[in-house]
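Visitor: Sending over a structure as structure tokens; questions will come in a sec.
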Amino acid sequence: MDVYQRPVTFEPDRDFDALHYRIKLDIDIEGKQLTGQNTVTLTPLRSDLNRVSLDAVSLLVSDVLDSKGFPLSFTQGEDKVHINLSRRYSYADTLTFTIKYNLSQQVEGLKFIDETETNPMQVSSDCWPNKARQWIPCYDYPHDKVTQEMIVTVDSAYKVLSNGKLLSITENQENGKHTYHWKQSLPHSTYLTNLSIANYTVIEDSLDALPVNYWVYERHEKDAKRSFAKTPYMIDFFTSLYGYPYPWEKYDQVVSAHQGGGAEATSATLLGEGAVTTVAEAIDFSFEGILAHEVAHQWWGDLVTCRSWEHNWINESFATYSDYLYKRFDWGEDEAAYDLLRKKNAYLREANNRYMRPIVFNRYENPGQNFDSHAYPKGANVLHMLRFVLGDDTFFRVINQFLHQFEFQAVSTQDFMRCVKEVSGLNMDLFFEQFLFRPGHAVFEVSKNWDESTKTLGLEIKQTQDKWEDVPIYTIPVNIGFYHKDGKRVEKIWLKDPIEKFEFKLDEAPMMVRFDEGNHLLKEWTFIKTEDELLFQVENDDVPGRLWAIDQLKAFSSSPKTIQKWTELARGDNFWALREAAVQHLSEFHASNSKEVFLDAVSDSHSKVRAAAIKALGQLKDPSMIGDFKRIYETDDSFLVRAEALMAIGANGNASHLRFLNEAAKVRSPRNTLKNAAEKAIELIRNSNQ
Numbered sequence: 072m073d074v075y076q077r078p079v080t081f082e083p084d085r086d087f088d089a090l091h092y093r094i095k096l097d098i099d100i101e102g103k104q105l106t107g108q109n110t111v112t113l114t115p116l117r118s119d120l121n122r123v124s125l126d127a128v129s130l131l132v133s134d135v136l137d138s139k140g141f142p143l144s145f146t147q148g149e150d151k152v153h154i155n156l157s158r159r160y161s162y163a164d165t166l167t168f169t170i171k172y173n174l175s176q177q178v179e180g181l182k183f184i185d186e187t188e189t190n191p192m193q194v195s196s197d198c199w200p201n202k203a204r205q206w207i208p209c210y211d212y213p214h215d216k217v218t219q220e221m222i223v224t225v226d227s228a229y230k231v232l233s234n235g236k237l238l239s240i241t242e243n244q245e246n247g248k249h250t251y252h253w254k255q256s257l258p259h260s261t262y263l264t265n266l267s268i269a270n271y272t273v274i275e276d277s278l279d280a281l282p283v284n285y286w287v288y289e290r291h292e293k294d295a296k297r298s299f300a301k302t303p304y305m306i307d308f309f310t311s312l313y314g315y316p317y318p319w320e321k322y323d324q325v326v327s328a329h330q331g332g333g334a335e336a337t338s339a340t341l342l343g344e345g346a347v348t349t350v351a352e353a354i355d356f357s358f359e360g361i362l363a364h365e366v367a368h369q370w371w372g373d374l375v376t377c378r379s380w381e382h383n384w385i386n387e388s389f390a391t392y393s394d395y396l397y398k399r400f401d402w403g404e405d406e407a408a409y410d411l412l413r414k415k416n417a418y419l420r421e422a423n424n425r426y427m428r429p430i431v432f433n434r435y436e437n438p439g440q441n442f443d444s445h446a447y448p449k450g451a452n453v454l455h456m457l458r459f460v461l462g463d464d465t466f467f468r469v470i471n472q473f474l475h476q477f478e479f480q481a482v483s484t485q486d487f488m489r490c491v492k493e494v495s496g497l498n499m500d501l502f503f504e505q506f507l508f509r510p511g512h513a514v515f516e517v518s519k520n521w522d523e524s525t526k527t528l529g530l531e532i533k534q535t536q537d538k539w540e541d542v543p544i545y546t547i548p549v550n551i552g553f554y555h556k557d558g559k560r561v562e563k564i565w566l567k568d569p570i571e572k573f574e575f576k577l578d579e580a581p582m583m584v585r586f587d588e589g590n591h592l593l594k595e596w597t598f599i600k601t602e603d604e605l606l607f608q609v610e611n612d613d614v615p616g617r618l619w620a621i622d623q624l625k626a627f628s629s630s631p632k633t634i635q636k637w638t639e640l641a642r643g644d645n646f647w648a649l650r651e652a653a654v655q656h657l658s659e660f661h662a663s664n665s666k667e668v669f670l671d672a673v674s675d676s677h678s679k680v681r682a683a684a685i686k687a688l689g690q691l692k693d694p695s696m697i698g699d700f701k702r703i704y705e706t707d708d709s710f711l712v713r714a715e716a717l718m719a720i721g722a723n724g725n726a727s728h729l730r731f732l733n734e735a736a737k738v739r740s741p742r743n744t745l746k747n748a749a750e751k752a753i754e755l756i757r758n759s760n761q
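Numbering (the numbering used here), first residue to last: 72 to 761.
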């Protein structure tokens with residue numbers, strides 16, 4: 072995919088600054104339509120404004136009235152309404168007018184969702200990135216921030232959530248309706264508008280005086296409090312981490328049948344139905360990382376907002392890195408290191424299989440094209456490198472300064488670069504040029520040799536990423552770790568050339584040399600090592616280094632020492648991802664001799680290890696185990712494990728097992744995990760009978 076064929080898209084010009092939207096809606100949920108009005112307050116950005124154009128798609132404008140109620144002439148095109156003002160206004164003026172309109176067609180920006188057996192009838196907004204205009208005539212681009220009122224009349228059976236503070240609920244007994252009045256008193260961008268309407272159950276929580284509420288379906292009530300219990304704790308953590316108090320009047324999380332994961336909105340995040348999990352679903356399908364990511368958006372994206380979509384990393388990379396920082400705080404170093412590794416690998420898959428682009432990139436047909444694995448995990452890893460280069464103290468002072476300096480504003484990458492320079496005193500322009508404005512990542516070839524006579528370790532480091540167009544040779548520091556029996560020594564070196572050689576005087580040959588000690592760089596690399604060094608690394612490195620070494624041992628897959636090490640890891644390592652990796656490697660290279668290991672791993676405490684063990688057993692093609700797979704399917708708590716058991720039945724079964732699998736396909740599970748596995752198993756049996 073050649074992303075450079077996309078058109079260059081610039082931040083648009085504007086000739087006014089919208090200040091406030093007072094939106095009044097009368098919504099007929101059953102009829103899937105609304106009548107509305109938006110009273111717009113704005114100030115011109117030039118001295119002779121006599122015409123205002125607002126974004127308006129799908130809705131039909133009926134009238135425009137000035138502040139005294141006199142009509143203004145207007146024309147409506149396909150995507151805008153053009154309003155002729157009664158006189159010319161200058162930049163010193165503030166003016167107000169009201170647009171009346173109705174919406175009678177289904178739009179993406181405000182979904183009318185029918186009741187099903189799993190969700191109640193509801194109305195759910197989805198304004199990102201530019202769909203507020205489908206139900207509110209407005210200036211719909213992130214560089215304009217407004218305060219907002221949302222005054223919504225609906226049938227009394229429904230509750231209404233929007234941004235900001237709830238000022239009132241007014242009952243109208245005569246027509247069986249009531250009116251919610253929400254006020255967002257601090258400015259935000261239009262894509263962050265939330266309107267959610269349903270017969271919600273509202274679970275009240277708090278962080279000190281801050282209201283924190285969960286708007287969920289009635290069937291969720293039992294599980295929602297547990298699923299969302301850490302939300303106040305997350306808000307408190309980010310407040311402390313950023314050194315900036317939570318900026319809004321409340322924080323709500325609301326379930327929407329329209330959402331998949333999460334969608335930030337100011338003070339009111341929208342979440343997919345999967346956010347509320349049963350105890351069993353939470354084993355494999357926890358939303359905790361997404362909840363943390365969306366809480367972080369209340370600062371990154373909502374408080375400071377990208378000026379234009381080429382700078383969307385300021386929203387998404389910071390929120391993604393923040394959810395890693397939360398996991399490090401709450402889940403521990405090993406889980407967080409594994410999480411950051413998974414983020415890095417998600418970017419590398421996109422880079423190697425789809426495309427590479429600069430993180431700051433103004434070539435797109437629609438903004439959504441920039442919301443990819445470059446904006447989320449690559450940007451998070453770039454922030455991790457920036458933290459390494461600046462040091463923790465300076466990095467977090469930059470974060471604090473940036474939020475305070477640009478609060479409630481739209482920002483560019485250059486604003487952040489300037490802030491880094493002001494706080495640190497360092498000119499980091501080259502860092503940003505390399506990692507934000509150029510595509511790609513470093514690819515290293517590392518080799519070493521030990522000279523016993525001079526007690527010198529020679530290290531050669533090649534950068535080979537320049538095989539890709541426009542990818543630089545990086546100037547970047549890297550830590551080299553020298554491991555001995557009694558500890559380790561770490562040296563920081565700077566790289567800047569395609570091939571560089573370094574020499575280190577040591578008392579004795581190290582048992583292991585670790586390239587990028589601490590895992591700071593976004594990189595791919597090769598570093599050929601002996602079996603003994605890899606076995607040492609598996610025992611003595613951190614989680615990413617140990618996983619790399621386990622994988623590198625594939626070069627010695629027939630060696631008794633490697634087989635023994637994989638077996639030991641599968642049976643007893645402290646960290647689940649290493650046990651899982653060891654099971655997978657034994658399955659790939661020594662399946663027939665490792666049945667006992669797999670049988671032990673079926674009772675592992677971690678579901679992903681159990682799933683890997685069942686997959687390995689299924690591949691042994693032993694029909695006598697089908698009874699065991701059925702028992703596991705019926706008794707294990709984990710949906711992933713049960714799905715692997717179904718697949719194992721498919722791999723080993725015959726037509727007599729189709730009835731069992733057809734029944735399993737009817738069982739409801741998160742993301743249809745069991746249904747999909749059962750259908751694949753059925754297909755395996757049918758194909759084997761052909």
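Note that CB positions come from ideal geometry on N, CA and C, so glycine has one too.
Which residue or residues does DSSP assign as beta-bridge partners of F87?
Guide: P115
Visitor: Can you give me the Cβ contacts of T241 inside the same chain, cut-off strictly under 7 Å, excluding the 5 residues immediately before and after it?
Guide: H249, T250
Visitor: Just to confirm before moving on: does the CB-CB distance between Q255 and N234 stay below 8 Å?
Guide: In this structure, N234 lies closer than 8 Å to Q255 by Cβ.
Visitor: In its own chain, which residues sit with a C-beta less than 8 Å from the C-beta of K414, not counting the 5 before and 5 after it?
Guide: Within the same chain, and ignoring the five residues on either side of K414 in sequence, the residues whose Cβ sits closer than 8 Å to its Cβ are T391, Y395, Y447, P448, A451, N452.
Visitor: Work out the CA separation of N416 and N520 for me, nearest whole Å.
Guide: Cα to Cα, the separation comes out at about 30 Å.
Visitor: If you draw a straight line from the C-alpha of L130 to the C-alpha of K95, how long is it?
Guide: The alpha-carbon atoms of L130 and K95 are separated by roughly 14 Å.
Visitor: Check S658 in the structure and name its three-state DSSP category.
Guide: In this structure, S658 counts as helix in the three-state DSSP scheme.
Visitor: As an exercise, report each continuous beta strand (DSSP E) stretch of at least 3 residues that is fully enclosed by the stretch 316-368, in chain order.
Guide: 322-327, 339-343
Visitor: Could you tell me whether the stretch 76-83 touches the stretch 110-122, where touching means 3 or more Cβ pairs closer than 8 Å?
Guide: no
Visitor: Does P316 pass the burial test, meaning 16 or more other C-beta atoms within 10 Å, or should it be called exposed?
Guide: exposed
Visitor: Whole angstroms are fine: how far does the CA of D211 sit from the CA of A89?
Guide: 10 Å
Visitor: Tell me the DSSP secondary structure of T706 in three-state form.
Guide: helix
Visitor: Indicate the three-state DSSP secondary structure (helix, strand or coil) for S377 in the structure shown.
Guide: Note on identity: in this sequence residue 377 is Cys, with Ser being the wrong assignment. In this structure, C377 counts as strand in the three-state DSSP scheme.
Visitor: Could you tell me if Y288 is buried or exposed, where buried requires 16 or more neighbouring beta carbons within 10 angstroms of its beta carbon?
Guide: The residue in question, Y288, is buried, as its Cβ has 16 or more Cβ neighbours within 10 Å.
Visitor: Should the stretch 148-155 be called in touch with the stretch 119-136, which here means at least 3 C-beta pairs below 8 Å?
Guide: yes
Visitor: Between the C-alpha atoms of I753 and Q690, what's the straight-line distance to the nearest angstrom?
Guide: If you draw a straight line from the Cα of I753 to the Cα of Q690, it comes to about 16 Å.
Visitor: Could you give the residue range of the alpha helix (DSSP H) that holds A749?
Guide: 744-759
Visitor: Taking 8 Å as the threshold, find out whether the stretch 430-449 comes into contact with the stretch 522-534 through three or more Cβ pairs.
Guide: no
Visitor: Which residue or residues does DSSP assign as beta-bridge partners of N173?
Guide: According to the DSSP secondary-structure assignment, N173 is paired through a beta bridge with T106, L131.
Visitor: Hey, out of H728, L474, T465, whose CA is closest to V375's CA?
Guide: L474
Visitor: In chain order, what residues of the same chain lie with their CB nearer than 6 Å to the CB of R399, ignoring the 5 residues before and after it?
Guide: A407
Visitor: Classify W565 as buried or exposed, calling it buried when 16 or more other Cβ atoms lie within 10 Å of its own Cβ.
Guide: exposed
Visitor: Considering only C-alpha positions, which residue in the set L711, D185, M456, W619 is nearest to Q505?
Guide: M456
Visitor: Name the DSSP bridge partner or partners of M221?
Guide: I94, W253
Visitor: Look up E579 in the DSSP assignment and give the residues it is bridged to.
Guide: Partner(s): none; E579 has no beta bridge.
Visitor: Nearest by alpha-carbon distance to N121: which of A684, D164, V223, H512 is it?
Guide: D164
Visitor: With respect to the alpha helix (DSSP H) encompassing Q608, which residues constitute its N-terminal and C-terminal limits?
Guide: 602-611
Visitor: So what does DSSP say about P543, is it helix, strand or coil?
Guide: Annotated three-state conformation of P543 is coil, per DSSP.
Visitor: Please classify M72: is it buried, with 16 or more other beta-carbons within 10 angstroms of its beta-carbon, or exposed?
Guide: exposed
Visitor: Which of helix, strand or coil does DSSP assign to Y397?
Guide: Judged by DSSP in its simplified three-state form, Y397 adopts helix.
Visitor: Among the candidates E188, K182, V223, whose CA atom is the shortest distance from the CA of A203?
Guide: K182
Visitor: Any Cβ of chain D within less than 8 Å of the Cβ of A300?
Guide: The structure shown contains no chain D; it holds only a single protein chain.
Visitor: According to DSSP, is P764 helix, strand or coil?
Guide: No information on residue 764 is available, as it lies outside the stretch 72 to 761 that the chain covers here.
Visitor: Would you call the stretch 321-332 in contact with the stretch 269-283, where contact means no fewer than 3 C-beta pairs closer than 8 Å?
Guide: yes
Visitor: Once you ignore the five residues that flank P429 on each side, which residues in its own chain have a CB closer than 7 Å to its CB?
Guide: L507, F508, R509, P510
Visitor: State the start and end residues of the unbroken alpha helix (DSSP H) segment that holds N416.
Guide: 404-424
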